[in-house]
Amino acid sequence: MAIIINIDVMLAKRKMSVTELSERIGITMANLSILKNGKAKAVRLSTLEAICKALDCQPGDLLEYRADEEEAPEQAE
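Set out below in structure tokens:
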């Protein structure tokens with residue numbers, strides 16, 4: 151299972167830099183980069199809320215689920 155965080159997509163749509171988002175939501179560039187690059191193991195709801203507020207979007211605009219290729223559904227016998 152993979153949860154993809156599409157911050158870069160929303161930043162492009164809003165014509166906002168990572169630096170500007172970092173300043174608006176009060177999160178370090180390092181932590182924002184971890185989120186942006188999919189390296190985060192968790193995200194606080196307060197952080198997600200701040201990002202949504204700054205980017206004027208919904209959580210679903212930022213989060214996407216993709217099934218891993220090796221996780222094919224089991225076939226009935």
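Take 151 as the starting number for the sequence shown in my numbering and just add one per residue. Cβ atoms here follow ideal geometry from the backbone N, Cα and C, with glycine treated the same way.
Beta-carbon spacing of residue i, residue j below 7 Å
i: K186; j: I157; result: yes
i: I184; j: A192; result: no
i: I155; j: L212; result: yes
Backbone CA spacing between residue i and residue j [nearest angstrom]
i: K203; j: D218; result: 30 Å
i: E173; j: L198; result: 15 Å
i: L195; j: A162; result: 22 Å
i: Y215; j: A200; result: 21 Å
i: I177; j: M166; result: 15 Å
Residues that DSSP places opposite residue i in a beta bridge
i: R216; result: A152
Beta-carbon separation (whole angstroms), residue i vs residue j, contact threshold 8 Å
i: L182; j: V168; result: 6 Å
Reduced DSSP secondary structure (H/G/I, E/B, other) of residue i
i: M179; result: helix
i: R166; result: In the sequence under discussion, the amino acid at residue 166 is Met, which differs from the Arg named in the question. Of the three classes helix, strand and coil, the one that applies to M166 here is coil, per DSSP.
i: D206; result: coil
i: K191; result: coil
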